[in-house]
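Novice:
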Amino acid sequence: MHAVDPLYTNSNESELIVELVLSVNELLPPLPHIQRGVSVRLFDDQGQQLLHRDNSEAFGSWLLPRIEERRPITRFGQSLQLLVEKQLVWRGMNWPVELIVLLFSIVTYQFTVQGYRRRLEAEAQMRQLNIQLRQERDLLEQRVLERTQELVSRNSELGNQMQENRRLTQRVLDIQEIERRNLSRELHDEMGQALTAIRTDARLLQKLTEEDQDSMIRASAEAIDTTAQRIYGVTYGLMRALRPAALDDLGLVDGLKQCISTFNFDGLGTQLHLDLRGPLNDLPDSLAIHCYRLVQEGLTNCVKYAEAQNLWLSLSLTTGKFGRPGKLVIQIEDDGLGFELKDDQEGFGLIGMRERALANDGKFNINSAPGLGTQIRIELPIPESDLEF
Numbered sequence: 003m004h005a006v007d008p009l010y011t012n013s014n015e016s017e018l019i020v021e022l023v024l025s026v027n028e029l030l031p032p033l034p035h036i037q038r039g040v041s042v043r044l045f046d047d048q049g050q051q052l053l054h055r056d057n058s059e060a061f062g063s064w065l066l067p068r069i070e071e072r073r074p075i076t077r078f079g080q081s082l083q084l085l086v087e088k089q090l091v092w093r094g095m096n097w098p099v100e101l102i103v104l105l106f107s108i109v110t111y112q113f114t115v116q117g118y119r120r121r122l123e124a125e126a127q128m129r130q131l132n133i134q135l136r137q138e139r140d141l142l143e144q145r146v147l148e149r150t151q152e153l154v155s156r157n158s159e160l161g162n163q164m165q166e167n168r169r170l171t172q173r174v175l176d177i178q179e180i181e182r183r184n185l186s187r188e189l190h191d192e193m194g195q196a197l198t199a200i201r202t203d204a205r206l207l208q209k210l211t212e213e214d215q216d217s218m219i220r221a222s223a224e225a226i227d228t229t230a231q232r233i234y235g236v237t238y239g240l241m242r243a244l245r246p247a248a249l250d251d252l253g254l255v256d257g258l259k260q261c262i263s264t265f266n267f268d269g270l271g272t273q274l275h276l277d278l279r280g281p282l283n284d285l286p287d288s289l290a291i292h293c294y295r296l297v298q299e300g301l302t303n304c305v306k307y308a309e310a311q312n313l314w315l316s317l318s319l320t321t322g323k324f325g326r327p328g329k330l331v332i333q334i335e336d337d338g339l340g341f342e343l344k345d346d347q348e349g350f351g352l353i354g355m356r357e358r359a360l361a362n363d364g365k366f367n368i369n370s371a372p373g374l375g376t377q378i379r380i381e382l383p384i385p386e387s388d389l390e391f
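First residue of the sequence shown: 3, per the working numbering; consecutive thereafter.
1. Can you tell me which of Pro286, Gly269, Ser263 and Leu270 puts its alpha carbon nearest to the alpha carbon of leucine 276?
2. Name the residue from Ser217, Gly300 and Pro383 whose alpha carbon lies nearest to the alpha carbon of valine 377.
3. Could you pull the DSSP bridge partners for isoleucine 332 from this structure?
4. When the Cα atoms are used, what is the spatial distance from glycine 375 to leucine 313?
5. Hey, could you find the ends of the beta strand (DSSP E) serine 288 is sitting in?
6. Roughly how many angstroms lie between the CA atoms of leucine 44 and valine 86, to the nearest whole one?
7. What is the DSSP secondary structure of lysine 88, reduced to helix, strand or coil?
8. Quick one: residues in its chain with C-beta nearer than 7 Å to the C-beta of serine 186, no 5 flanking neighbours on either side, listed in chain order?
9. Label isoleucine 380 either buried or exposed according to how many other C-beta atoms from any shown protein chain fall within 10 Å of its C-beta, with 16 as the threshold for buried.
10. Using the Cβ count rule (16 or more neighbours within 10 Å means buried), how would you classify alanine 361?
11. Among the candidates Leu270, Glu148 and Arg279, whose CA atom is the shortest distance from the CA of alanine 308?
12. Whole angstroms is fine: what's the gap from phenylalanine 350's alpha carbon to asparagine 167's?
13. Three-state secondary structure (DSSP) at serine 217?
14. Rounded to whole angstroms, what's the CA-CA distance from leucine 389 to glycine 280? Just pull it up for me.
15. Compare the C-alpha of serine 316 against each of Ala310, Cys304 and Ile332 and name the closest.
16. Considering only the alpha carbon of each residue, which of Asn266, Ser288, Thr272 and Cys293 lies closest to leucine 278?
17. Using a Cβ-Cβ cutoff of less than 6 Å, which residues in the same chain neighbour proline 385 once the five nearest sequence positions on both sides are dropped?
18. Quick one: residues in its chain with C-beta nearer than 6 Å to the C-beta of alanine 371, no 5 flanking neighbours on either side, listed in chain order?
19. Sort out for me which residues DSSP pairs glutamine 80 with in a bridge.
20. Run through DSSP, which three-state label would phenylalanine 311 get?
21. On the premise that isoleucine 219 lies in contact with threonine 211, defined as a C-beta separation below 8 Å, what is that separation, rounded to the nearest angstrom?
22. Per the DSSP calculation, glutamine 51 is bridged to which residue(s)?
23. With a threshold of 6 Å on Cβ separation, who are the neighbours of glutamate 70 within its own chain once the five nearest residues in sequence on each side are excluded?
24. Can valine 255 and leucine 296 be called in contact, C-beta distance under 8 Å?
25. Does DSSP put leucine 343 in a helix, a strand or coil?
26. I believe leucine 289 touches leucine 330 by the beta-carbon criterion, under 8 Å. Please report the beta-carbon distance rounded to the nearest angstrom.
27. Given this structure, state the Cα-to-Cα distance separating leucine 52 from leucine 84, to the nearest angstrom.
28. State the start and end residues of the unbroken alpha helix (DSSP H) segment that holds phenylalanine 350.
29. What are the boundary residues of the alpha helix (DSSP H) that includes lysine 365?
30. Does the distance from the C-beta atom of aspartate 46 to that of leucine 82 stay below 8 Å?
31. Given that a residue counts as buried once 16 or more other Cβ atoms are within 10 Å of its Cβ, and exposed if not, what is alanine 223?
32. Locate the beta strand (DSSP E) running through aspartate 277, then write down its first and last residues.
33. With DSSP collapsed to three states, give me the class of serine 337.
34. Rounded to whole angstroms, how far is the Cβ of proline 383 from the Cβ of glycine 364, which I believe are closer than 8 Å?
35. Less than 8 Å between the C-beta atoms of leucine 189 and threonine 237, yes or no?
36. Going by DSSP, what residues sit across from glutamate 71 in a beta bridge?
Shown next as structure tokens:
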């Protein structure tokens, strides 16, 4: 190592070079047992190794630790690092120290062996646990897959059953309307003719007894005519409820207007706002009667429960493919009392409307709240095979 002493600096620096010599032996204590088995390393301030002297002894060092010490050294402004490593050996210690070291080594060895065994046992347990977890996971995945397949199968069955139920409902409703129409015709043809004949005979008797106003025959004839007329009125109302004649004779628009007139909204203090758009009279008969029944039930619910001041009824046709009507939209809205929507509180009227709409592959939506009125929207598709436009 070379260094320049700043006390002797002058213009001719080449003559003031001082050589620094370090003796490793002088850095260590002079005790022989310390110098044996010692490894010395000298580093500069940059960490570069300058000197290495290895005097370590490997024999007799088993189970004994290796001790090291790092010392900073400064010479003539030069910073150095001295690393001294001492390998302990058995022959360098007296018997009490050897006994303590031996006991410590044995205890350390036992702890090391026990720790190693515990680690092996823990690893084995962990492997076994991982195997069990994988088995449980596979079993769980298998069960989830089976359950999912079962649920999918049941959902498919429920979907099929729902479709069958809706087709059955539609078929029942169609058959019901056919039976109502047949019954209405029978009442019109049979009962109507019979009542007409009774009234004709009664009026003939009245005419024959015009001269005797107080006769019993005339009084009986008048009573028969009045009773027959009352029966005819009841029968006519029943026929109109079973199958509105205007629906078959004049079309859906006139049938709805006749249906609306039976509710007497003016007497109830309810103002009806009617909006009918599109060629509604050209709808197929099956769809027209379903529309009539839905409107009839909706108006009935409004009259019974809503206590509304205004009622809005709208029927319109949306445009489908090639400019033809795609679906029939029915909207019934009132500003009445409203109610809280709950499945267990729905009346049979609303349930019947919903099932009738769904049976025709339509949509049924209802919104209501206490004090905010009720809004019903129904969409009924028009099958292309039934189009008559």
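For every residue, glycine included, the Cβ atom is placed at its ideal position computed from N, Cα and C. If you're wondering where the values come from, they're calculated on a predicted model, not measured in any experiment.
Specialist: Taking the definition as stated:
1. Working through the sequence shown from its first residue, we reach residue 276 at position 274. Comparing alpha-carbon positions, the option among Pro286, Gly269, Ser263 and Leu270 lying closest to leucine 276 turns out to be Ser263.
2. Locating residue 377 in the sequence shown gives position 375, where the first residue counts as 1. It should be pointed out that residue 377 corresponds to glutamine in this sequence rather than to valine. Among Ser217, Gly300 and Pro383, the Cα nearest to that of glutamine 377 is on Gly300.
3. By 1-based counting over the sequence shown, the position of residue 332 is 330. Answer is Leu317 and Ile380.
4. What you label residue 375 is simply residue 373 of the sequence shown in a count that begins at 1. What you label residue 313 is simply residue 311 of the sequence shown in a count that begins at 1. Distance between the alpha carbons of glycine 375 and leucine 313 is about 10 Å.
5. The residue you call residue 288 lines up with position 286 of the sequence shown. Where serine 288 is concerned, there is no enclosing beta strand (DSSP E), although the alpha helix (DSSP H) it sits in stretches over 287–303.
6. Looking up residue 44 in the sequence shown gives position 42. Looking up residue 86 in the sequence shown gives position 84. For leucine 44 and valine 86, the distance between alpha carbons rounds to 9 Å.
7. In the sequence shown, residue 88 corresponds to position 86, counting from 1. For lysine 88, the secondary structure class from DSSP, reduced to helix, strand or coil, is strand.
8. Position 184 of the sequence shown, counted from the start, is the residue given in the question as residue 186. If you ignore the 5 residues before and after serine 186, its C-beta comes within less than 7 Å of the C-beta of Met241, Leu244 and Arg245, all in its own chain and listed in chain order.
9. Here residue 380 is taken as the residue at index 378 of the sequence shown, counted from 1. Here isoleucine 380 is buried. Its C-beta has 16 or more other C-beta atoms within 10 Å.
10. Stepping through the sequence shown from its first residue, residue 361 is reached at position 359. Residue environment for alanine 361: buried (at least 16 other C-beta atoms within 10 angstroms of its C-beta).
11. In the sequence shown, residue 308 corresponds to position 306, counting from 1. Of the listed residues, the one whose Cα sits closest to alanine 308 is Leu270.
12. As a working note, residue 350 is residue 348 in the sequence shown. As a working note, residue 167 is residue 165 in the sequence shown. Approximately 18 Å between the Cα atoms of the pair.
13. By one-based count along the sequence shown, residue 217 stands at place 215. Here serine 217 carries a coil assignment [DSSP, helix/strand/coil].
14. For this step, residue 389 is matched to residue 387 along the sequence shown. For this step, residue 280 is matched to residue 278 along the sequence shown. Residue placement at leucine 389 is flagged as unreliable, the pLDDT there being 49, under the threshold of 50; the coordinate-derived value follows with that caveat. A straight-line Cα-Cα distance of about 14 Å links leucine 389 and glycine 280.
15. Counting from one through the sequence shown, the residue named residue 316 turns up at place 314. Minimum Cα distance to serine 316 is reached at Ile332.
16. As a position in the sequence shown, residue 278 is number 276, starting the count at 1. Of the listed residues, the one whose Cα sits closest to leucine 278 is Cys293.
17. On the sequence shown, residue 385 is found 383 positions in, with the first residue counted as 1. There are no such residues.
18. Working through the sequence shown from its first residue, we reach residue 371 at position 369. Closer than 6 Å at Cβ, skipping near neighbours: Gly340.
19. Start at 1 with the first residue of the sequence shown, and residue 80 comes out as number 78. DSSP lists Arg77 as the beta-bridge partner residues of glutamine 80.
20. Counting from 1 along the sequence shown, the entry for residue 311 is found at position 309. According to the sequence as given, residue 311 is glutamine; it is not phenylalanine. The three-state reading of DSSP puts glutamine 311 in coil, since its state is none of H, G, I, E or B.
21. Working through the sequence shown from its first residue, we reach residue 211 at position 209. Working through the sequence shown from its first residue, we reach residue 219 at position 217. The Cβ separation is near 5 Å, so the contact holds.
22. Looking up residue 51 in the sequence shown gives position 49. Per DSSP, the beta bridge partners of glutamine 51 are Phe45.
23. As a first step, residue 70 must be located in the sequence shown, where it is residue number 68. Correct list, in chain order: Glu87.
24. For this step, residue 255 is matched to residue 253 along the sequence shown. For this step, residue 296 is matched to residue 294 along the sequence shown. No, the Cβ-Cβ distance between valine 255 and leucine 296 is not below 8 Å.
25. As a working mapping, residue 343 is identified with position 341 in the sequence shown. Three-state result, leucine 343: coil.
26. In the sequence shown, counting from the first residue as 1, residue 289 sits at position 287. In the sequence shown, counting from the first residue as 1, residue 330 sits at position 328. Yes, they are in contact, since the Cβ atoms of leucine 289 and leucine 330 sit about 7 Å apart, within 8 Å.
27. Translated into positions along the sequence shown, residue 52 becomes position 50. Translated into positions along the sequence shown, residue 84 becomes position 82. C-alpha separation (whole angstroms): 10 Å.
28. Taking the first residue of the sequence shown as 1, we reach residue 350 at position 348. For phenylalanine 350, the enclosing alpha helix (DSSP H) covers residues 350–361.
29. Mapped onto the sequence shown, residue 365 falls at position 363. That residue, lysine 365, is in no alpha helix (DSSP H); its beta strand (DSSP E) goes 365–370.
30. For the purposes of this step, residue 46 is taken as residue 44 along the sequence shown, with counting starting at 1. For the purposes of this step, residue 82 is taken as residue 80 along the sequence shown, with counting starting at 1. Between aspartate 46 and leucine 82, the C-beta gap is smaller than 8 Å, which places the two residues in contact.
31. As a working mapping, residue 223 is identified with position 221 in the sequence shown. It is buried - the Cβ of alanine 223 has at least 16 other Cβ atoms within 10 Å.
32. On the sequence shown, position 275 is the one that residue 277 refers to. Element bounds for aspartate 277: 273–278.
33. Mapped onto the sequence shown, residue 337 falls at position 335. The displayed chain sequence assigns aspartate, not serine, to residue 337. Correct three-state label for aspartate 337: coil.
34. Numbered from its first residue, the sequence shown carries residue 383 at position 381. Numbered from its first residue, the sequence shown carries residue 364 at position 362. At roughly 6 Å, the Cβ-Cβ gap stays under 8 Å, so proline 383 and glycine 364 are in contact.
35. Start at 1 with the first residue of the sequence shown, and residue 189 comes out as number 187. Start at 1 with the first residue of the sequence shown, and residue 237 comes out as number 235. Yes, Cβ-Cβ distance for leucine 189 and threonine 237 is below 8 Å.
36. Taking the first residue of the sequence shown as position 1, residue 71 is located at position 69. DSSP lists Val86 as partners of glutamate 71.
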